[in-house]
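Trainee: When we follow our numbering, the leftmost residue of the sequence shown carries the number 59, and every step to the right adds one.
Glycine included, every Cβ here is placed at the ideal spot set by N, Cα and C.
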Amino acid sequence: PKSNIIPHSTIRSTRRLRYCLIPLPPFFTNPFVTPPGHRLVLALLSRSCGRMMMFTTTTTATATATAISAVIFASIPPVDAFARPSFASYRSSSIFVNHDVQSLLPLRGGSAGSPARSSSSIAMSTDTVSEIVTVPTTPIEGMRPGTSGLRKKVEVWMGPHYVENFIQSLIDTAVDANGGKMLDTIVVAGDGRFYNNEAIQTIARILAANGVSNIWIPQNGIMSTPAVSAVIRRRTADGGGNDGDGIAQGGVVLTASHNPGGPGEDFGIKYNEGLGQPAGEEFTEALYEKTLQISSYKTITNSPDIDLAAPVGTEVQLTPTSKVTIIDPFQNYLTALKSCFDFDRLRKFGSQKGFSMVFDGMHGAGGPFAQRVLVEELGLPLSSLMRCNPLPDFGGCHPDPNLTYASELVKKMGLLPDGSADPSLDASTVPALGAANDGDGDRNLIAGAGFFVTPSDSMALICDNWESIPQFASRGGLNGVARSMPSSAALDVVAEARNIPCFVTPTGWKFFGNLMSSKESFNGKDYTPFLCGEESFGTGSDHIREKDGLWAVLAWMSILSKANEGVHDEEVLVGVKDIVNRHWAKYGRHYYCRYDYEGVDSEAANNVMNAIRENFVNGDVSSVAASDSGFKLAGAVEFSYTDPVDGSQTSKQGLILNFQLPSGDPARVVFRLSGTGSAGATIRMYLEQYEKDTSKHDMSAPVALKGLAEEALRLVKMKESTGRDAPTVIT
59 PKSNIIPHST IRSTRRLRYC LIPLPPFFTN PFVTPPGHRL VLALLSRSCG
109 RMMMFTTTTT ATATATAISA VIFASIPPVD AFARPSFASY RSSSIFVNHD
159 VQSLLPLRGG SAGSPARSSS SIAMSTDTVS EIVTVPTTPI EGMRPGTSGL
209 RKKVEVWMGP HYVENFIQSL IDTAVDANGG KMLDTIVVAG DGRFYNNEAI
259 QTIARILAAN GVSNIWIPQN GIMSTPAVSA VIRRRTADGG GNDGDGIAQG
309 GVVLTASHNP GGPGEDFGIK YNEGLGQPAG EEFTEALYEK TLQISSYKTI
359 TNSPDIDLAA PVGTEVQLTP TSKVTIIDPF QNYLTALKSC FDFDRLRKFG
409 SQKGFSMVFD GMHGAGGPFA QRVLVEELGL PLSSLMRCNP LPDFGGCHPD
459 PNLTYASELV KKMGLLPDGS ADPSLDASTV PALGAANDGD GDRNLIAGAG
509 FFVTPSDSMA LICDNWESIP QFASRGGLNG VARSMPSSAA LDVVAEARNI
559 PCFVTPTGWK FFGNLMSSKE SFNGKDYTPF LCGEESFGTG SDHIREKDGL
609 WAVLAWMSIL SKANEGVHDE EVLVGVKDIV NRHWAKYGRH YYCRYDYEGV
659 DSEAANNVMN AIRENFVNGD VSSVAASDSG FKLAGAVEFS YTDPVDGSQT
709 SKQGLILNFQ LPSGDPARVV FRLSGTGSAG ATIRMYLEQY EKDTSKHDMS
759 APVALKGLAE EALRLVKMKE STGRDAPTVI T
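#1: For the alpha helix (DSSP H) that LEU536 lies in, which residues bound it at each end?
#2: With distances taken between CB atoms, is the gap from ALA266 to ILE358 smaller than 8 angstroms?
#3: Are the CB atoms of GLN307 and LEU376 within a distance shorter than 8 angstroms?
#4: Identify the residues that DSSP records as bridge partners of ALA479: which are they?
#5: DSSP three-state call for LEU719: helix, strand or coil?
#6: Considering Cα atoms alone, identify which of PRO448, MET415, GLY422 is closest to VAL433.
#7: Nearest-angstrom Cα distance between ASN537 and LEU549?
#8: For the region 762-775 and the region 742-750, state whether three or more C-beta atom pairs, one from each stretch, are separated by less than 8 angstroms.
#9: Counting only runs of 3+ residues fully inside the region 241-325, write out the beta strand (DSSP E) ranges in chain order.
#10: Of the choices LEU573, LEU589, PRO475, PHE588, whose alpha-carbon is the least far from that of GLY582?
#11: Going by CA-CA distance only, name the one from GLY238, THR205, ILE261, PHE252 that's closest to GLU222.
#12: Based on the DSSP output, what are the partners of LEU329 in its beta bridges?
#13: According to DSSP, is LYS777 helix, strand or coil?
#14: Would you kindly report the start and end of the unbroken alpha helix (DSSP H) that includes PRO528?
#15: Between the Cα of LEU392 and the Cα atoms of TRP609, ASN268, GLY633, which residue gives the shortest distance?
#16: Taking the alpha-carbon positions, what's the ILE327 to GLY279 distance?
#17: Could you tell me the alpha carbon to alpha carbon distance between ILE714 and ARG541, rounded to whole angstroms?
#18: The beta strand (DSSP E) with GLN375 in it runs from where to where?
#19: Is it true that the region 240-256 meets the region 346-358, where meeting means three or more beta-carbon pairs spaced less than 8 angstroms apart?
#20: The alpha helix (DSSP H) spanning ASN639 covers which residue range?
#21: My output table needs one value for GLY204: the three-state DSSP class, helix, strand or coil.
#22: For SER514 and ASP522, what's the separation of their Cα atoms in angstroms?
#23: Do MET615 and ALA494 have their C-beta atoms closer together than 8 angstroms?
#24: So what's GLY506 in DSSP terms, helix, strand or just coil?
#25: Helix, strand or coil, according to DSSP, for GLN747 in the structure here?
#26: What residue from PRO194, GLU340, ALA725 has the CA that sits closest to ALA235's CA?
#27: To the nearest angstrom, how far is the alpha carbon of GLU578 from that of PRO587?
#28: Helix or strand or just coil, what does DSSP make of PRO724?
#29: Hey, would you say SER516 sits closer than 8 angstroms to THR597, going by beta carbons?
#30: Buried or exposed for HIS601, please, with buried defined as at least 16 other CB atoms from any protein chain shown within 10 angstroms of its CB.
#31: Go through its chain and collect everything with a Cβ distance to GLY472's Cβ below 7 angstroms, but skip five positions before and after it.
#32: Would you decide whether LYS568 is buried or exposed? Buried here means 16 or more other CB atoms lie within 10 Å of its CB.
#33: Hey, how far is the Cα of ALA770 from the Cα of HIS456?
#34: In angstroms, rounded to a whole number, what distance separates the CA positions of PHE154 and SER361?
#35: Identify whether ASP686 lies in helix, strand or coil by the three-state DSSP scheme.
#36: To the nearest angstrom, how far is the alpha carbon of ARG730 from that of MET667?
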């Protein structure tokens, strides 16, 4: 109607209708611009009618097609499952059919007490004929993936053709990597952040239009990044459950990891290849080139939204050759963890008097997995969990498990913001173990009662205590370890003492993937069992091909369980602090922390890096005088890496200033631009100082490293170049 008013009598009369066809102006079908009164009218109409069709009338051709479709439409019996319209938004004139079958309302002739749907394979008919269309587009600049996928502000992703361009380029790249053959099965999952579900719908349509036969989506669309890797890596051809079969050849992961979510915040997409590992540089560079050349993408129209909350096993046929299956998000991941740890032993230790823990899910994807493992499998009380319900904006928090953003957990563990013990609290009154996940569940924070464990120390301790972890002990120990270059050398010292090959790689989990898959993919040396990690709170092993926050938590539970063998209920348990102090006494302490300068103007950030490169890496450091504190600049290098597995080379991975302390011990400062932000630039400054003297092991890291930090900032003129008086975050 030309008028914006529909008489109430018209609405009343529809109660007698079997069918209702509603011509609408184009803006009416977009929920962001449709007046609320119009949406109410449609809702009332949809409750009253057995069938309803909405269509836009923008051209004569559309009007003619409407007349024809009305005859066809009227010949189909009404279906009570059509409850209310799905306010989808399409870019061109389309036919909209309401298929919200998961929000059933009692309809004329229907019943509110319909039988529940079976959890075995459920086929959901769309009752419409979808159409594959090719949509013209043009390249969009700035789609080069970083160290872990492409991350931008969510409003960028919500722009015209943005998701479509990137996914079409991604699938074209995957086909090329697969010898020109379309992939058969792909997982699509996200961390639950704002725009997660909408993007999943768009991606599923593009994959179906391109000919992907099986699209696996976890129930509710949420799955931690480690769990996605487990599905790709461990799912067998027969499925092993009631949610279909097949072997995934890749995974589209919707996450910006530890970055904030919600309107105005970050969204990201990354791709995992056939072994569950993040796509390598060759793949991501090829993808980027595709984004610069794209001229069209494929999608399907007349397709209702997929009900992501449908029972596990539900199948939705998008095209005659492509279907979506709702899969169990937990099954394969739980199997992977049970292959690594003795759950019976951990369950017994978790019930031991004197042990308690708290786990902070930070409202990310890892929360439900923590509940599944820690509570349902290991028997810990539900009160052990905090913020384990995923939220689109992570509850307004920054889901990065560090001393700054996990402040509530830090306080519960009897710690001050700098990681030192709070002297006002009795350590015996706080939990024995504290842990946190990030937004997509792959990072971890570990703390004991009144004691913070740095990620670099955590990795070194797991390496030195491999006998406590069945995954390693059952195979005679570790065959290889690796750390990212900015991480401390604590791991190197242990690996040398334990005669374990140790590798130092650029930042990015994809570099560990080649080492873990050396034999599997390249018929090279077998480095598994394998342990690896990054200073940015990432730890993992070869059970999957991603870092895994919950795996690190179970590793620490295993270490504590082993350390407390023979300890009786009436005795005090050996704690995290005891284990770490013994380690430092044996190997020395690597004081370590990181300064993050976030949101720095990109030009200013590049100027800082170029000045370090020109003045120190390419300059003469011998002329630089020692500071008043005795810190002497001994050398400067720019880190580059030649992969020992495939020979690929990676350059410009960080600038390293090496210092010598008055004691003769080494220290270093690393400067690196982060590739995980979505706006501006983040300058990361990593500080490391070795201390062998046990009498000096009790300082907090930021205090111990303050002099080194001041000297490094003075040399590189950080304040003058960026205008920043202090870092955004110290971790």
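Mentor: Let me lay it out:
#1: What you label residue 536 is simply residue 478 of the sequence shown in a count that begins at 1. Taken as a continuous stretch (DSSP letters only), LEU536 belongs to no alpha helix (DSSP H), as it is neither H nor E.
#2: Counting from one through the sequence shown, the residue named residue 266 turns up at place 208. Counting from one through the sequence shown, the residue named residue 358 turns up at place 300. Contact: yes.
#3: Taking the first residue of the sequence shown as 1, we reach residue 376 at position 318. Taking the first residue of the sequence shown as 1, we reach residue 307 at position 249. No.
#4: The residue labelled residue 479 in the question sits at position 421 within the sequence shown. Beta-bridge pairing links ALA479 to LEU473.
#5: In the sequence shown, residue 719 corresponds to position 661, counting from 1. Secondary structure of LEU719 (DSSP, three-state): coil.
#6: The residue labelled residue 433 in the question sits at position 375 within the sequence shown. Nearest of PRO448, MET415, GLY422 to VAL433, Cα basis: MET415.
#7: Position 479 of the sequence shown holds residue 537. Position 491 of the sequence shown holds residue 549. The alpha-carbon atoms of ASN537 and LEU549 are separated by roughly 14 angstroms.
#8: Touching, per the Cβ criterion.
#9: Here the runs fully enclosed are 243-248, 272-276, 308-312.
#10: Here the question's residue 582 lines up with position 524 in the sequence shown. For the residues LEU573, LEU589, PRO475, PHE588, the minimum Cα distance to GLY582 belongs to LEU573.
#11: Numbered from its first residue, the sequence shown carries residue 222 at position 164. The candidate whose alpha carbon is nearest that of GLU222 is ILE261.
#12: Here residue 329 refers to the residue found at position 271 of the sequence shown. Residue identity differs from the one stated: residue 329 is Tyr in this sequence, not Leu. Note: TYR329 is bridge-paired with VAL310 in the DSSP secondary-structure output.
#13: Counted from its first residue, the sequence shown places residue 777 at position 719. If DSSP states are grouped into helix, strand and coil, LYS777 belongs with the helices.
#14: Position 470 of the sequence shown, counted from the first residue, corresponds to residue 528. Residues 528-531.
#15: In the sequence shown, counting from the first residue as 1, residue 392 sits at position 334. The candidate whose alpha carbon is nearest that of LEU392 is TRP609.
#16: Here residue 327 corresponds to residue number 269 of the sequence shown, with the count starting at 1. Here residue 279 corresponds to residue number 221 of the sequence shown, with the count starting at 1. Roughly 14 angstroms separates the two Cα atoms.
#17: Sequence index remark: in the sequence shown, residue 714 carries index 656 (1-based). Sequence index remark: in the sequence shown, residue 541 carries index 483 (1-based). The straight-line gap from Cα to Cα measures roughly 16 angstroms.
#18: Translated into positions along the sequence shown, residue 375 becomes position 317. Where GLN375 is concerned, the enclosing beta strand (DSSP E) stretches over 372-377.
#19: Using a Cβ-Cβ distance cut-off of 8 angstroms, the region 240-256 and the region 346-358 are not in contact, since fewer than three pairs of beta carbons, one from each stretch, lie closer than that value.
#20: Within the sequence shown, numbered from 1, the residue matching residue 639 stands at position 581. Unbroken alpha helix (DSSP H) run through ASN639: 634-645.
#21: Residue numbering aside, residue 204 sits at position 146 when the sequence shown is read from its first letter. GLY204 falls in the strand class under three-state DSSP.
#22: As a first step, residue 514 is located in the sequence shown; it is residue number 456 there, counting from the start. As a first step, residue 522 is located in the sequence shown; it is residue number 464 there, counting from the start. Rounded to whole angstroms, SER514 to ASP522 spans 13 angstroms at the Cα level.
#23: The residue labelled residue 615 in the question sits at position 557 within the sequence shown. The residue labelled residue 494 in the question sits at position 436 within the sequence shown. Not closer than 8 angstroms, so no.
#24: In the sequence shown, the residue the question calls residue 506 occupies position 448. Strand, per DSSP.
#25: Walking along the sequence shown from the start, residue 747 turns up at place 689. Looking at GLN747 - three-state DSSP - the assignment turns out to be strand.
#26: Here residue 235 refers to the residue found at position 177 when the sequence shown is read from its first residue. Comparing Cα positions, the closest option is GLU340.
#27: Along the sequence shown, read from residue 1 onward, the residue named residue 578 stands at position 520. Along the sequence shown, read from residue 1 onward, the residue named residue 587 stands at position 529. Rounded to whole angstroms, GLU578 to PRO587 spans 13 angstroms at the Cα level.
#28: Reading the sequence shown from its first residue, position 666 is the one you call residue 724. Note: PRO724 maps to strand in three-state DSSP.
#29: Taking the first residue of the sequence shown as position 1, residue 516 is located at position 458. Taking the first residue of the sequence shown as position 1, residue 597 is located at position 539. Yes. Within cutoff.
#30: As a first step, residue 601 must be located in the sequence shown, where it is residue number 543. Buried, because 16 or more other Cβ atoms sit within 10 Å of the Cβ of HIS601.
#31: Here the question's residue 472 lines up with position 414 in the sequence shown. Counting only Cβ-Cβ distances below 7 angstroms, and skipping sequence neighbours, we find ALA479, ASP480, LEU483, ALA485, VAL488, ALA507, GLY508.
#32: Locating residue 568 in the sequence shown gives position 510, counting from the first residue. A residue is called buried once 16 or more other Cβ atoms fall within 10 Å of its Cβ, and LYS568 is buried on that count.
#33: To locate residue 770, count along the sequence shown from 1; it is residue 712. To locate residue 456, count along the sequence shown from 1; it is residue 398. Approximately 28 angstroms between the Cα atoms of the pair.
#34: Locating residue 154 in the sequence shown gives position 96, counting from the first residue. Locating residue 361 in the sequence shown gives position 303, counting from the first residue. No answer about PHE154 holds up, because its pLDDT of 30 lies below 50 and its placement is not dependable.
#35: Looking up residue 686 in the sequence shown gives position 628. Correct three-state label for ASP686: coil.
#36: As a working note, residue 730 is residue 672 in the sequence shown. As a working note, residue 667 is residue 609 in the sequence shown. Computed Cα separation, rounded: 8 angstroms.
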